[in-house]
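In the numbering used here, the protein residues as written are 148 to 460. Every residue gets a Cβ at the ideal spot worked out from N, C-alpha and C, and that includes glycine. Structure first, then comments.
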Ligand code: RIB
Ligand code: CA
């Protein structure tokens, strides 16, 4: 079967970095057409820099990296240095990127790429706030029906919020953008905190990354050593939750995940619950299902896949 053509929209972020590495190590299943950076974990200048650092770490300077939107549609940017560090990629010492940013805006790359490919052949993989995706849909509504699928990391139901009591970070930063995406009518697979909080880098799993004996293995182990502090402190978890790699793992082995096709709506009005993904998991409304909302991941299978693929880089 031909590899799935994807655009990765991202705010690296250590977990974004691992998601990108997993994609780039899996050419049989995934063809990365390009990467668009968005403001999120850290400001755009840093997410655009970090995306290139990761491409160079993977030896893939052929991948075009575009800078996208530097702030949410309507709200001031909220960042997460408290989780990812000042650079957004704290942990390993990695060289500044030599590869330049690709010419043009990330939103225009998304639009042009969808128009240039057969309808239904390009998947969008947002790993951060949905600002670039929503802006592309607003600027060029004709591309909406051309999207094969959106596979995103964001939201939460049973796990509730990680940035507020009610909201997960990616949705909280730009709830208006999330509303546009979830109301687009496009088939969406959602990796919420409900699954990503089971994808924990335990010490044993991190030792396996380090044991790869490669620059990539070492860098990933250093990233998760840094990135785990926040979740260990807040949740008492056993290690860093690899949120974003759930998106690329799903493209490679969807059977690792299970969930329900349900209605998901985004809170954009109430300051108390702003950015909450109101997931009708129990089917108590007659609202139309619009998302495959994942509820379970085979964590052992996920880490086996991830470790095996990182060993290829
Ligand atoms: O809430 C987790 C999400 O927010 C992840 O994508 C992480 O990288 C941050 O963007
Ligand atoms: Ca992210």
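May I ask you to check if the CB of residue i is nearer than 8 angstroms to at least one heavy atom of ligand 1?
i, result
"residue 158", "yes"
"residue 227", "yes"
"residue 316", "yes"
"residue 169", "no"
"residue 447", "no"
"residue 353", "no"
"residue 274", "yes"
"residue 298", "no"
"residue 309", "yes"
"residue 343", "yes"
"residue 230", "yes"
"residue 460", "no"
"residue 340", "yes"
Which residues in the same chain as residue i place their Cβ atom closer than 6 angstroms to its Cβ, once the five residues preceding and following it in sequence are excluded?
i, result
"residue 345", "444 and 446"
"residue 211", "181 and 249"
"residue 449", "346, 396 and 403"
"residue 317", "275, 276 and 301"
"residue 151", "177, 270 and 398"
"residue 162", "389, 390 and 391"
"residue 230", "377"
Can you give me the C-alpha to C-alpha distance between residue i and residue j, rounded to a whole angstrom?
i, j, result
"residue 314", "residue 422", "5 angstroms"
"residue 259", "residue 338", "27 angstroms"
"residue 239", "residue 200", "11 angstroms"
"residue 243", "residue 435", "47 angstroms"
"residue 205", "residue 295", "26 angstroms"
"residue 251", "residue 173", "27 angstroms"
"residue 465", "residue 323", "As displayed, the chain neither begins before 148 nor continues past 460, which places residue 465 out of reach and without an answer."
"residue 214", "residue 196", "9 angstroms"
"residue 153", "residue 300", "15 angstroms"
"residue 342", "residue 189", "24 angstroms"
"residue 308", "residue 329", "18 angstroms"
"residue 410", "residue 442", "14 angstroms"
"residue 321", "residue 273", "13 angstroms"
"residue 452", "residue 355", "12 angstroms"
"residue 331", "residue 288", "10 angstroms"
"residue 168", "residue 405", "23 angstroms"
"residue 362", "residue 375", "20 angstroms"
"residue 428", "residue 306", "13 angstroms"
"residue 430", "residue 417", "23 angstroms"
"residue 359", "residue 370", "15 angstroms"
"residue 234", "residue 158", "11 angstroms"
"residue 202", "residue 457", "13 angstroms"
"residue 285", "residue 350", "44 angstroms"
"residue 326", "residue 291", "14 angstroms"
"residue 166", "residue 160", "10 angstroms"
"residue 268", "residue 293", "8 angstroms"
"residue 413", "residue 227", "21 angstroms"
"residue 207", "residue 262", "25 angstroms"
"residue 334", "residue 311", "27 angstroms"
"residue 164", "residue 297", "19 angstroms"
Which same chain residues, not among the five before or five after residue i, have their C-beta less than 7 angstroms away from its C-beta?
i, result
"residue 378", "384, 387 and 388"
"residue 179", "153, 155, 170, 171 and 210"
"residue 459", "172"
"residue 340", "303, 306, 309 and 315"
"residue 218", "186 and 224"
"residue 193", "234 and 235"
Should residue i be counted as a contact of ligand 2 given a C-beta to heavy atom distance under 8 angstroms?
i, result
"residue 187", "yes"
"residue 302", "no"
"residue 408", "no"
"residue 391", "yes"
"residue 378", "no"
"residue 163", "yes"
With a threshold of 8 angstroms on Cβ separation, who are the neighbours of residue i within its own chain once the five nearest residues in sequence on each side are excluded?
i, result
"residue 216", "185, 186, 191, 253, 254, 278, 279 and 282"
"residue 352", "386, 450 and 454"
"residue 175", "150"
"residue 232", "238 and 373"
"residue 461", "Here the chain has residues from 148 to 460 only, and residue 461 is not among them."
Strictly by DSSP, which residues pair up with residue i?
i, result
"residue 443", "405"
"residue 268", "None; residue 268 has no bridge partner."
"residue 252", "214"
"residue 478", "Because the chain spans 148 through 460 in this model, residue 478 falls outside it and cannot be assessed."
"residue 151", "177"
"residue 424", "413"
Does ligand 3 have a heavy atom nearer than 8 angstroms to the CB of residue i?
i, result
"residue 191", "This structure lacks ligand 3; the ligands present are ligand 1 and ligand 2."
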